[in-house]
């Protein structure tokens, strides 16, 4: 087996990035907020996926009511591992 080369010195510790909004040309990524995002998120999957198929391989959902979803989303607001972002259309705000 050929040699793998010199041992690399340890890298300095990195810092945790902040959870700021990310702005693109068409979309924004915003840290999820139940107050700001719950209604439009719930409506988007309730209307487009009445059978709940999008949740088949996820460890959460579907929710039986908006209130259940909003409660779940409020907990995600405080999560730092993983972080939850909402995709927001820059032109419609949804």
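In the numbering used here, the protein residues as written are 1 to 94.
All C-beta atoms in this analysis are idealised placements derived from N, C-alpha and C, irrespective of residue type, glycine included.
*Determine the extent of the beta strand (DSSP E) in which residue 11 is found, giving its start and end residues.*
Counted from its first residue, the chain shown places residue 11 at position 11. Taken as a continuous stretch (DSSP letters only), residue 11 belongs to no beta strand (DSSP E), as it is neither H nor E.
*Rounded to whole angstroms, what's the CA-CA distance from residue 111 to residue 10? Just pull it up for me.*
What is shown of the chain runs 1 to 94, which leaves residue 111 out entirely.
*Among 31, 88 and 63, which one has its Cα closest to the Cα of residue 18?*
Within the chain shown, numbered from 1, the residue matching residue 18 stands at position 18. Of 31, 88 and 63, the residue nearest in Cα terms is 31.
_If the criterion is Cβ atoms closer than 9 angstroms, does the pair residue 84 and residue 77 meet it?_
The sequence position of residue 84 within the chain shown is 84, counting from 1. The sequence position of residue 77 within the chain shown is 77, counting from 1. Yes, they are a contact pair.
*asked:* Between which residues of its own chain and residue 29 is the CB-CB distance below 7 angstroms, once the five residues before and five after are set aside?
replied: Mapped onto the chain shown, residue 29 falls at position 29. Around residue 29: 21, 22, 85 and 87.
*Whose CA, out of 58, 56, 82 and 41, lies closest to the CA of residue 65?*
Taking the chain shown and counting its residues from 1, one reaches residue 65 at position 65. Among 58, 56, 82 and 41, the Cα nearest to that of residue 65 belongs to 41.
*Helix, strand or coil for residue 66 per DSSP?*
Counting from one through the chain shown, the residue named residue 66 turns up at place 66. Three-state DSSP puts residue 66 in a helix.
*Beta-ladder partner(s) of residue 22, from DSSP*: The sequence position of residue 22 within the chain shown is 22, counting from 1. Looking at the DSSP assignment, residue 22 forms a beta bridge with 29.
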